[in-house]
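Student: Can you read through this structure? Questions will come right after.
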Amino acid sequence: MSKRLDWVDQTKGIGIFLMIYAHNFPIIETYIYTFHMPLFFFIAGMFHPKTTSLQSIIYRAKSILIPYFVWSFLLFLFWFFIGRHYGNSIALNPDPLNNFIGIFYAQGGSDFMNWGIPMWFLPCIFLTFLFYSFLQKISNKWIFYFGVLILVLFGFIYPKFSKFNLPWSVDVACVSLVFYSIGNLLKTKLIELNSKLVLRFLILMLVIHFSLAFLNSKVDMYRSIYGNELLFIINGLSGTLALLLLFKIIKVPKFLSYLGKNTIPLLALQGRAMTIIKFVLLAFGVTVFNFNEPTKFALTFVQILLILPILILVNRYAPILNGRVKK
2 MSKRLDWVDQ TKGIGIFLMI YAHNFPIIET YIYTFHMPLF FFIAGMFHPK TTSLQSIIYR
62 AKSILIPYFV WSFLLFLFWF FIGRHYGNSI ALNPDPLNNF IGIFYAQGGS DFMNWGIPMW
122 FLPCIFLTFL FYSFLQKISN KWIFYFGVLI LVLFGFIYPK FSKFNLPWSV DVACVSLVFY
182 SIGNLLKTKL IELNSKLVLR FLILMLVIHF SLAFLNSKVD MYRSIYGNEL LFIINGLSGT
242 LALLLLFKII KVPKFLSYLG KNTIPLLALQ GRAMTIIKFV LLAFGVTVFN FNEPTKFALT
302 FVQILLILPI LILVNRYAPI LNGRVKK
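Take 2 as the starting number for the sequence shown in the working numbering and just add one per residue.
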């Protein structure tokens, strides 16, 4: 499936909005983390090609890795010359060489990615694509399911016995296969589901999600923190499906669809947009950034508005930086 679907773009749009909002540390941060990353892996699985060729792998590498490395180098340069001399970076005093290595390693927290931790997602989802493409070659469906299960179990078990961060979040990519594979398996059913059944399944997913979402501890896929693994999977799937089904039956402003079509630049630049906001506040004498809840929500819109001119320029002159590659 390669054709864009408005309701899927809208779901991605609310996902990227919630990601930016969650990075402002709102009171509902823990809740947002129950599903916002599984959502992106699930949707990526929906668009996995029926058969994977070398050409499709090259295409996916261009659309994910080229934007990743270009944005990461730009973020690193900004951090090296400006960012590391202000805010929390002064106290952390991260090593510039380690952070340069972090561009290629794409893991390691603030010690290696102080320039832009959210960028971890792009190499990770590319690995997820590769893992699923390999498993897809297995003709026996039970062996295929067993292969997915083994990799998912490895992803859950590895961080329990090792604190060593694997490059490109290999273990997280393994865990994400549960969402990616289910997204791929359910894509046709989701598209063909009639409005009456959509409403019924939406209610079911909402009941499941809100019954269980607050029973788990805070999850953080980047740091391989899942709490109760079964709750993590159920919450991730039910929250994702609830949003997809919701946007399948209601009309929303095109604003969300636009965000959903521009997730990579928003992922890369949301932190720098907050940097600009803080510089402006500093110019007005504000030195403590303990924002209240309404302000955190409002600042999410301000961040997006600050990024908007860059989105326009990127889409017009450098669409590759938004993952758009000619097939």
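Every residue gets a Cβ at the ideal spot worked out from N, C-alpha and C, and that includes glycine.
1) Around the C-beta of W169, are 16 or more other C-beta atoms found within 10 angstroms, so that it is buried, or is it exposed?
2) Please specify which runs of the alpha helix (DSSP H), each continuous and at least 4 residues long, are wholly inside the segment 111-181, giving them in chain order.
3) Can you tell me whether DSSP reads D96 as helix, strand or coil?
4) Indicate whether I58 and S177 have their beta-carbon atoms separated by less than 8 Å.
5) Smallest Cα separation from R201: which of H86, I192 and L247?
6) For H86, count neighbouring Cβ atoms within 10 angstroms of its own Cβ and tell me buried if that reaches 16, exposed if not.
7) Taking the straight line between their C-alpha atoms, what separation do you get for A243 and I250?
8) Taking 8 Å as the threshold (C-beta atoms), are R61 and F18 in contact?
9) Can you find the residues in the same chain that come closer than 7 Å, C-beta to C-beta, to I44, ignoring five residues on each side of it along the sequence?
10) Within the segment 4-86, note down every full beta strand (DSSP E) run reaching 3 residues or more, in order along the chain.
11) Mind checking whether I139 and F145 have CB atoms under 8 Å apart?
12) Does I226 come out as helix, strand or coil in the three-state DSSP assignment?
13) How about the segment 302-316 and the segment 255-272: do they share at least three Cβ pairs that are nearer than 8 Å?
14) Looking only at its chain, what residues have a beta carbon closer than 7 Å to the beta carbon of S90, apart from the 5 residues adjacent to it on each side?
15) Specify, as a first and last residue, the run of the alpha helix (DSSP H) that V199 falls within.
16) Enumerated in chain order, which unbroken segments of the alpha helix (DSSP H) with a length of 4 residues or greater are wholly contained in the segment 253-295?
17) Should I313 go down as buried or exposed, given a rule of 16 or more other Cβ atoms within 10 Å for buried?
Tutor: Taking the geometry as given:
1) Answer is buried; the Cβ neighbour count reaches 16.
2) Counting whole runs of 4 or more residues, the segment 111-181 contains the alpha helix (DSSP H) stretches 111-114, 122-137 and 142-162.
3) coil
4) The Cβ atoms of I58 and S177 do not sit closer than 8 Å to each other.
5) It is L247.
6) exposed
7) Near 11 Å, if we compare the C-alpha coordinates of I250 and A243.
8) no
9) V9, T12, K13 and G184
10) none
11) Cβ atoms of I139 and F145: closer than 8 Å.
12) strand
13) yes
14) Only G84 and N115 meet the Cβ criterion.
15) S196 to L213
16) 255-261 and 264-284
17) exposed
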